[in-house]
Amino acid sequence: MVAFKKIVICGVGLIGGSVALALRKSGYQGRIVGLERSQDVLARAHALGIVDDTGSSLEETFKDADLLMLAVPVAQTARVLQSFLPYLPDNTVITDTGSTKSDVVAMAREVLGDRVARFVPAHPIAGSESNGPEAAFATLFEGKKTVIAQLPENSEEDVARVAGLWESCGATIHYLTPAGHDNVFATVSHLPHLLAYGLVDYVANHSLAELFFQYAASGFRDFTRIAESSPEMWRDISLANREHLLEGLDAYMDELVRIRALLADKDGAGLEAIFSNARQARMNWRCAIESAESKK
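Below you can see the structure in the form of structure tokens.
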């Protein structure tokens, strides 16, 4: 059950827009107000039924709002909070959807001061390479995880209210510290995006790029799908999680050096051992996911 009567979503693209649509699908009867840098984007979101109006003054937007959700690139967190702070009612809970947490929490502490107690950091583990309100859909979060990076200052009531909203969207709730979150997702989310971007950039800049792309098939397509994601968003995520990501890159480069050495030495047994271990690990991971989904 959603315990908020009026929700303001800043950023009504894929994530923010899908939250609004998922809430409506769950039967939410409250008011959902959108905020966007572009009036055109907001008008499109309104036409798609994502938000209830196409924008008002900030005073009117935040009047009686009991939740503000930030669905913006993480680097914009401080600027957005600073611009909204004078208009936020004291009882407004604030949350976010960012893919990094330590930097977002640091910005929230700086801008909000004591009011950081009302800031409940969150990250829905769902997405798509598509962007904008047209990419939003109501079932994006169903069966997916949402991580809440609870702060020591947060009240259990506020955490429960934010968790309840995500559960209404179909998500299951997990809890990590901000630092723990960033360490995990540097490896399983942020690093894969860097690898996909890097491979496509390498091929695109090659003298035989046209020929390579002509023959690229499902393996290249599947591996590089996420390279169609928002460059602005992933620039911010990469820089925000720089330390953890550098550690992951260094470790992965060591793995590539090991594979290269085996290849150079024509060590078929060594290559097969790596491939077999990776294959089994991925099969175990896929089976665990499918088993968990079948129980829902």
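Heads up, the sequence shown is in this note's numbering, so the first residue is 3 and it goes up one at a time. C-beta atoms are modelled at their ideal positions from N, C-alpha and C, and glycine is treated no differently.
So the candidates are Lys147, Gly200, Ile276; which of them puts its Cα closest to the Cα of Arg237?
Here residue 237 refers to the residue found at position 235 of the sequence shown. For Arg237, the nearest C-alpha among the options comes from Gly200.
Do you know whose CA, among Pro180, Asp252, Phe139, Leu72, lies nearest Val149's CA?
Sequence index remark: in the sequence shown, residue 149 carries index 147 (1-based). Ranking the options by Cα distance to Val149, first place goes to Pro180.
Buried or exposed: where does Lys268 fall if 16 or more other Cβ atoms within 10 Å of its Cβ makes it buried?
Residue 268 sits at position 266 when you count from the first residue of the sequence shown. It counts as exposed.
Nearest to Lys27 by CA position, among Cys171, Thr226, Gln84, is which residue?
Position 25 of the sequence shown, counting from 1, holds the residue named residue 27. It is Cys171 whose Cα lies nearest to the Cα of Lys27.
Out of Ala67, Asn93, Val118, which has the shortest C-alpha to C-alpha gap to Gln152?
The residue you call residue 152 lines up with position 150 of the sequence shown. With distances taken between Cα atoms, Gln152 lies closest to Val118.
Do you know offhand how far Thr141's Cα is from Phe214's?
On the sequence shown, residue 141 is found 139 positions in, with the first residue counted as 1. On the sequence shown, residue 214 is found 212 positions in, with the first residue counted as 1. In a straight line, the C-alpha of Thr141 is about 36 Å away from that of Phe214.
What does Phe143 pair with, by DSSP beta-bridge criteria?
Looking up residue 143 in the sequence shown gives position 141. Partner(s): none; Phe143 has no beta bridge.
With respect to the beta strand (DSSP E) encompassing Thr174, which residues constitute its N-terminal and C-terminal limits?
Along the sequence shown, read from residue 1 onward, the residue named residue 174 stands at position 172. Note, Thr174: beta strand (DSSP E), 174-177.
Taking all protein chains shown into account, do 16 or more other C-beta atoms lie within 10 angstroms of the C-beta of Trp168, making it buried, or fewer, making it exposed?
If you number the sequence shown from 1, residue 168 lands on position 166. Trp168 comes out buried.
The beta strand (DSSP E) spanning His125 covers which residue range?
Residue mapping note: residue 125 aligns to position 123 of the sequence shown, counting from 1. Looking at the DSSP string, the run of the beta strand (DSSP E) that includes His125 is 124-126.
Asp184: which of Pro154, Ala242, Tyr30, Ser157 sits nearest, CA to CA?
Within the sequence shown, residue 184 is the residue found at index 182, counting from 1. It is Ala242 whose Cα lies nearest to the Cα of Asp184.
Are the region 122-130 and the region 81-92 touching by the rule of at least three beta carbon pairs closer than 8 Å?
The region 122-130 makes no contact with the region 81-92: fewer than 3 CB pairs, one atom from each, lie closer than 8 Å.
If contacts are defined as beta-carbon pairs under 8 Å, then Leu72 and Thr63 qualify, I think. What distance do you get, rounded to the angstrom?
Your numbering for residue 72 matches position 70 in the sequence shown. Your numbering for residue 63 matches position 61 in the sequence shown. Not a contact, Cβ separation roughly 14 Å.
Which partner residues does Met71 have in the DSSP bridge list?
Counting from 1 along the sequence shown, the entry for residue 71 is found at position 69. Per DSSP, Ile11, Thr97.
Does the region 217-235 touch the region 253-261, meaning 3 or more C-beta pairs lie closer than 8 Å?
The region 217-235 and the region 253-261 do not touch, with fewer than three beta-carbon pairs separated by less than 8 Å.
Suppose the cutoff is 7 Å on Cβ atoms and the five residues either side in sequence are ignored; what does the same chain contact list for Ala128 look like?
Translated into the one-based positions of the sequence shown, residue 128 becomes position 126. Correct list, in chain order: Leu142, Phe143, Lys146.
Please list, in chain order, all residues of the same chain as Ser130 whose beta carbon is under 7 Å from its beta carbon, the five residues on each side excluded.
Position 128 of the sequence shown, counting from 1, holds the residue named residue 130. Excluding positions up to five away in sequence, the list reads Leu16, Ala137.
Please classify Arg163 as buried or exposed, where buried requires at least 16 neighbouring CB atoms within 10 angstroms.
Working through the sequence shown from its first residue, we reach residue 163 at position 161. Classification for Arg163: buried.
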